[in-house]
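Residue numbers (the numbering used here), protein chains in the order written: chain H, 1 to 366; chain P, 1 to 301. Down below is the structure, laid out as structure tokens.
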Amino acid sequence: MADVSLRKVIKRYDDVEAVRGIDLDIADHEFIVLVGPSGCGKSTTLRMIAGLEDISDGDIMIGGDVVNDVPPKDRDIAMVFQNYALYPHMTVAENMSFGLRLKHYPKAEIKARVTEAARLLDITDLIDRKPKQLSGGQRQRVAMGRAIVRNPKVFLFDEPLSNLDAKLRVQMRIEIKKVHQKVRTTTVYVTHDQVEAMTLADRVVVMNKGRIEQIGTPNELYHKPATRFVAGFIGSPAMNFIPCRLEDAAGTLRIRLTDRIAFALPPARAARYNALPRSDKLLLGIRPEHLTESHAHLDPGVETFDTVLDVTEPMGMETLVYFGLDGTPVCGRVNPNAGAKDGAPMRLAMDLNNMHLLNEETGVVL
Amino acid sequence: MSTMAIDKAGPTRKLGSMSRDRAWALRWSYFFLVLFAIFFLTPPVYMLITSLKSSAEISAATNPWWVFHPTLSNYVELLTSNQFLRFFWNSSIISIVVVIVTMIISIPAAFALARMKFWGSATLATGVFLTYLIPDSLLFIPLFKMLGVVQDLTGITLLNRWYVLVFIYPTLTVPFCTWIMIGYFASIPKELDEAAIIDGASWLQTLLRIFIPVALPGLIAATIFAFTVSWAQFLYPLVFTTSIDQLVLPVGITTTLIKGDVFNWGQIMTGALLGAAPPLIIYAFLMDYYIAGLTAGATKG
Chain H
1 MADVSLRKVI KRYDDVEAVR GIDLDIADHE FIVLVGPSGC GKSTTLRMIA
51 GLEDISDGDI MIGGDVVNDV PPKDRDIAMV FQNYALYPHM TVAENMSFGL
101 RLKHYPKAEI KARVTEAARL LDITDLIDRK PKQLSGGQRQ RVAMGRAIVR
151 NPKVFLFDEP LSNLDAKLRV QMRIEIKKVH QKVRTTTVYV THDQVEAMTL
201 ADRVVVMNKG RIEQIGTPNE LYHKPATRFV AGFIGSPAMN FIPCRLEDAA
251 GTLRIRLTDR IAFALPPARA ARYNALPRSD KLLLGIRPEH LTESHAHLDP
301 GVETFDTVLD VTEPMGMETL VYFGLDGTPV CGRVNPNAGA KDGAPMRLAM
351 DLNNMHLLNE ETGVVL
Chain P
1 MSTMAIDKAG PTRKLGSMSR DRAWALRWSY FFLVLFAIFF LTPPVYMLIT
51 SLKSSAEISA ATNPWWVFHP TLSNYVELLT SNQFLRFFWN SSIISIVVVI
101 VTMIISIPAA FALARMKFWG SATLATGVFL TYLIPDSLLF IPLFKMLGVV
151 QDLTGITLLN RWYVLVFIYP TLTVPFCTWI MIGYFASIPK ELDEAAIIDG
201 ASWLQTLLRI FIPVALPGLI AATIFAFTVS WAQFLYPLVF TTSIDQLVLP
251 VGITTTLIKG DVFNWGQIMT GALLGAAPPL IIYAFLMDYY IAGLTAGATK
301 G
């Protein structure tokens, strides 16, 4: 068990910088998820922590020691790979005990640790099977078992659920969370799936183009994104971005979306945005769940407007509605009983208490 | 192979153009398989027939495809001849040593070329294969000269000693076996050695405990290849060994059983058949591995 720190870590491949200076402090016992689109440097970062990639610049510390030049086997880490990477010629027990056998642990202790890990992962019955006799989910459990028996300082997961089907993925996600609650080992987990990131992480690190966009708890990222990238990446369906500008009208600050739609900002928001130049090109960021059907009694800060729906998607517990605002496609989430129909007019309510205002050029959330 | 063919032929569905196409494809493949089987099996069958005849019957103008007075005298004579057993022994010991030497060189070489990316490793891998393409008929004169120079300089006699072939044959077997195994090692997922490294394995442990067991089919294919090449090699032993007691089987049979223009056909055929037996037996046991190994090397290399 140990904390992990990255200091200005850079990875260059020839002329390309895959990772461009990352600072990250991971506390002991913490579950950190690195998330981002493919090519954002998250896997490279993980592999640098593992020691499978050299770092071009900066420092990586595990448990306070700089490990830049320490080979993987001496870093006391364990890694779970996307394609499981089980040794095909060994049984489950042999797979799990391989690392311990290399380190010449006493036989009795190896057996005890393997039995304990197998019990924890509910694979006791499979212990004598070969990997090819196992299903995908079982293989992934064995891969986790191989990590657990070593009792390492840090667990590293490289997209461990991406090869599983959707249903199994949800199930294994819960398993991983349970295992972490039991063993409490510091964990770094890489995924491109923001749902996995949100559900598993103590803190999520959103990466883009080799840099960290934002670090925060799942709630922080969801409700207080720092940049347009984070705002758009976290949440499904994604946040809407609607071009807008601020204007003063009769002593109140208003936000104008189209020629005919403009809303007065709630007082708290008005105070926050009042200092902004009125000429700035801005984006209104609003999540679909804050665009709902209109009610008779509206809370303060909720404004209504009329629109014509393009497409509706009934999801069962909700219906997604799509429409355009001056050519910008917008998605809303309404009650399935609200009567939303393809091509029909509808009155929608926008909850401006949950709005975000972004600078269109810099992408920064204001 | 035969079980696969039966599996495919088994379900005979009436409808669907797919199954009809497949039935025709099967008929054609059987037609050509039978054709090739006849083509390739005729010589050994003829050898077997001839080996069972006496010299008198071979030269008699009877039906060459039938044995009228079968006799095992050729077999008895060869198997009781010290000379023939000596050839057999020479061939065996050379082939076994060559296989071992080849594996000791090829496996680490292939592992290094497939996994340790160093400057020029890709070029080197191609270079290894190109060496294999140089025919032995081009190499034997310079090799002969080299051994002569070695003898002049050091006084170590290698020419006309059976063990010289243990040094010569690997020039044929090592490049090809390395090449097969590069392909095979390259087809092992990178994560497997990364997992081993993280588990604390050294390069050598990764090779011995992960790569060799996982790539065993390829290894067996390479072993069979090395053995067959050594066993069947004709030109090098013909050039490098001359004394009767130093000869290997293929050369020994032709040198001792052809006297001037007198061909002792019965014994030649018997010797050839007996000589073909060891590779045949090895193939029969390891056939499935051999095919799996060759195709993996072919697609990935």
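Backbone N, C-alpha and C define an ideal beta-carbon position, used for all residues, glycine too.
Bridge partner(s) assigned by DSSP for Ser216 (chain H): The residue given as residue 216 (chain H) occupies position 216 in the first sequence. The sequence given here places Gly at residue 216 (chain H); Ser does not occur at that position. Gly216 (chain H) is bridged to H:Val204.
Chain-ordered neighbours of Gln205 (chain P) on chain H, where CB pairs are closer than 9 Å: Locating residue 205 (chain P) in the second sequence gives position 205, where the first residue counts as 1. Listed along chain H are Leu102, each with a C-beta nearer than 9 Å to that of Gln205 (chain P).
Where Glu360 (chain H) sits in the DSSP three-state scheme: Position 360 of the first sequence holds residue 360 (chain H). Note: Glu360 (chain H) maps to coil in three-state DSSP.
Separation of Thr223 (chain P) from Pro279 (chain P), as counted between CA atoms: Indexing the second sequence from 1 puts residue 279 (chain P) at position 279. Indexing the second sequence from 1 puts residue 223 (chain P) at position 223. The alpha-carbon separation between Pro279 (chain P) and Thr223 (chain P) amounts to approximately 11 Å.
Contact with chain H by Val232 (chain P), beta-carbon distance below 8 Å: Here the question's residue 232 (chain P) lines up with position 232 in the second sequence. According to the sequence shown, residue 232 (chain P) is Ala rather than Val. By this cut-off, Ala232 (chain P) is not an interface position.
CA-to-CA distance, Asp165 (chain H) to Ser187 (chain P), given in whole angstroms: Here the question's residue 187 (chain P) lines up with position 187 in the second sequence. Here the question's residue 165 (chain H) lines up with position 165 in the first sequence. Each residue's Cα considered, the two are about 25 Å apart.
Assigned exposure category for Glu361 (chain H) - 16 Cβ within 10 Å defines buried: Sequence index remark: in the first sequence, residue 361 (chain H) carries index 361 (1-based). Glu361 (chain H) comes out exposed.
DSSP state of Glu191 (chain P) mapped onto helix, strand, coil: Numbered from its first residue, the second sequence carries residue 191 (chain P) at position 191. Note: Glu191 (chain P) maps to helix in three-state DSSP.
Sequence-distant residues of its chain with Cβ nearer than 8 Å to Ala27 (chain H) (five each side left out): As a working mapping, residue 27 (chain H) is identified with position 27 in the first sequence. Correct list, in chain order: Asp3, Thr186.
Residue-level contact to chain H via CB, Ile253 (chain P), 8 Å cutoff: In the second sequence, the residue the question calls residue 253 (chain P) occupies position 253. Output row for Ile253 (chain P): interface = no.
Cβ of Leu120 (chain H) within 8 Å of any chain P Cβ: In the first sequence, the residue the question calls residue 120 (chain H) occupies position 120. False, the Cβ-Cβ gap to chain P never drops below 8 Å.
Residues near Ile242 (chain H) in its chain [Cβ-Cβ closer than 6 Å; skip 5 each side]: Here residue 242 (chain H) refers to the residue found at position 242 when the first sequence is read from its first residue. Correct list, in chain order: Leu257, Leu284, Leu325, Thr328.
Below-8 Å beta-carbon distance, Asp199 (chain P) vs any chain H residue: The sequence position of residue 199 (chain P) within the second sequence is 199, counting from 1. Closer than 8 Å to some Cβ of chain H, the Cβ of Asp199 (chain P) qualifies, so yes.
Beta-carbon neighbours of Leu208 (chain P), restricted to chain H and to distances below 9 Å: One-based indexing of the second sequence puts residue 208 (chain P) at position 208. The contacting residues do not exist; Leu208 (chain P) stays about 11 Å from chain H at best.
Straight-line Cα distance separating Lys53 (chain P) from Phe68 (chain P): Position 68 of the second sequence, counted from the first residue, corresponds to residue 68 (chain P). Position 53 of the second sequence, counted from the first residue, corresponds to residue 53 (chain P). Their Cα atoms are separated by approximately 8 Å.
Contact residues within the region 224-240 of chain H, judged by C-beta distance below 9 Å to chain P: none
CB contact below 8 Å: Leu192 (chain P) versus chain H: By 1-based counting over the second sequence, the position of residue 192 (chain P) is 192. It does; some Cβ of chain H falls within 8 Å.
Beta strand (DSSP E) segment containing Asn240 (chain H), residue limits: Residue numbering aside, residue 240 (chain H) sits at position 240 when the first sequence is read from its first letter. Taken as a continuous stretch (DSSP letters only), the beta strand (DSSP E) holding Asn240 (chain H) covers 240-249.
Contact list for Gly99 (chain H) against chain P, beta-carbon separation under 7 Å: Translated into the one-based positions of the first sequence, residue 99 (chain H) becomes position 99. Ordered by position in chain P, the residues that pass the 7 Å Cβ test against Gly99 (chain H) are Asp199, Gly200.
Straight-line gap, Arg115 (chain P) to Pro88 (chain H) (C-alpha atoms, nearest Å): As a working mapping, residue 115 (chain P) is identified with position 115 in the second sequence. As a working mapping, residue 88 (chain H) is identified with position 88 in the first sequence. Those two C-alpha atoms are separated by around 19 Å.
Helix, strand or coil at Leu126 (chain H) [DSSP, three-state]: Residue mapping note: residue 126 (chain H) aligns to position 126 of the first sequence, counting from 1. Leu126 (chain H) falls in the helix class under three-state DSSP.
For Asp158 (chain H) and Leu46 (chain H), believed in contact at Cβ under 8 Å, the rounded distance: Along the first sequence, read from residue 1 onward, the residue named residue 46 (chain H) stands at position 46. Along the first sequence, read from residue 1 onward, the residue named residue 158 (chain H) stands at position 158. Right, the Cβ-Cβ distance comes to about 6 Å (below 8 Å), so this counts as a contact.
Extent of the continuous alpha helix (DSSP H) run through Ala112 (chain P): Position 112 of the second sequence, counted from the start, is the residue given in the question as residue 112 (chain P). Looking at the DSSP string, the run of the alpha helix (DSSP H) that includes Ala112 (chain P) is 82-115.
Residue of H:Gly363, H:Asp59, H:Arg184 minimising C-alpha distance to Asp25 (chain H): Your numbering for residue 25 (chain H) matches position 25 in the first sequence. Measuring from the Cα of Asp25 (chain H), the nearest candidate turns out to be H:Asp59.
For Pro31 (chain H): DSSP bridge partner residues: In the first sequence, counting from the first residue as 1, residue 31 (chain H) sits at position 31. Per the sequence shown, residue 31 (chain H) should be read as Phe rather than Pro. DSSP lists H:Thr187 as partners of Phe31 (chain H).
6 Å Cβ shell around Lys300 (chain P) - same chain, five flanking residues per side excluded: Taking the second sequence and counting its residues from 1, the one referred to as residue 300 (chain P) is at position 300. The predicted position of Lys300 (chain P) is uncertain, since its pLDDT is 32 and thus under 50; a value taken from the coordinates is nonetheless stated next. Excluding sequence neighbours, Lys300 (chain P) sits near Gly183, Ala186, Ser187.
The beta strand (DSSP E) enclosing Lys11 (chain H), as first and last residue numbers: By 1-based counting over the first sequence, the position of residue 11 (chain H) is 11. 4-13 is the span of the beta strand (DSSP E), which, as asked, contains Lys11 (chain H).
Under 8 Å between C-beta atoms of Gly200 (chain P) and Lys111 (chain H): For the purposes of this step, residue 200 (chain P) is identified with residue 200 of the second sequence, where counting begins at 1. For the purposes of this step, residue 111 (chain H) is identified with residue 111 of the first sequence, where counting begins at 1. Cβ atoms of Gly200 (chain P) and Lys111 (chain H): not closer than 8 Å.
Beta-carbon proximity of Val230 (chain H) to Ile215 (chain H), cut-off 8 Å: Counted from its first residue, the first sequence places residue 230 (chain H) at position 230. Counted from its first residue, the first sequence places residue 215 (chain H) at position 215. Contact flag unset, no.
Proximal chain H residues relative to Ala112 (chain P), where beta-carbon distance stays under 8 Å: Numbered from its first residue, the second sequence carries residue 112 (chain P) at position 112. Going along chain H, no residue has its Cβ under 8 Å from Ala112 (chain P), so there is no contact; the nearest lies around 18 Å.
Listed by chain order, chain P residues near Ile212 (chain H) by CB distance under 9 Å: On the first sequence, residue 212 (chain H) is found 212 positions in, with the first residue counted as 1. Simply none; closest approach about 25 Å.
Neighbour-count burial assignment, Ala298 (chain P), 16 or more Cβ in a 10 Å radius: For the purposes of this step, residue 298 (chain P) is identified with residue 298 of the second sequence, where counting begins at 1. Annotation note: pLDDT 41 at Ala298 (chain P) (below 50); position unreliable, no value reported.
Pairwise C-alpha distance: Ser294 (chain H) and Phe263 (chain H): Along the first sequence, read from residue 1 onward, the residue named residue 263 (chain H) stands at position 263. Along the first sequence, read from residue 1 onward, the residue named residue 294 (chain H) stands at position 294. Those two C-alpha atoms are separated by around 15 Å.
Between the CA atoms of Ala108 (chain H) and Gly137 (chain H) - distance to the nearest angstrom: On the first sequence, position 137 is the one that residue 137 (chain H) refers to. On the first sequence, position 108 is the one that residue 108 (chain H) refers to. Approximately 28 Å between the Cα atoms of the pair.
Beta-carbon proximity list for Gly51 (chain H), same chain, < 8 Å, skipping 5 on both sides: Here residue 51 (chain H) is taken as the residue at index 51 of the first sequence, counted from 1. Here the set comprises Val67, Val70, Pro71, Pro72, Arg75, Ile77.
Three-state secondary structure assigned by DSSP to Gly266 (chain P): Here residue 266 (chain P) refers to the residue found at position 266 when the second sequence is read from its first residue. Of the three classes helix, strand and coil, the one that applies to Gly266 (chain P) here is helix, per DSSP.
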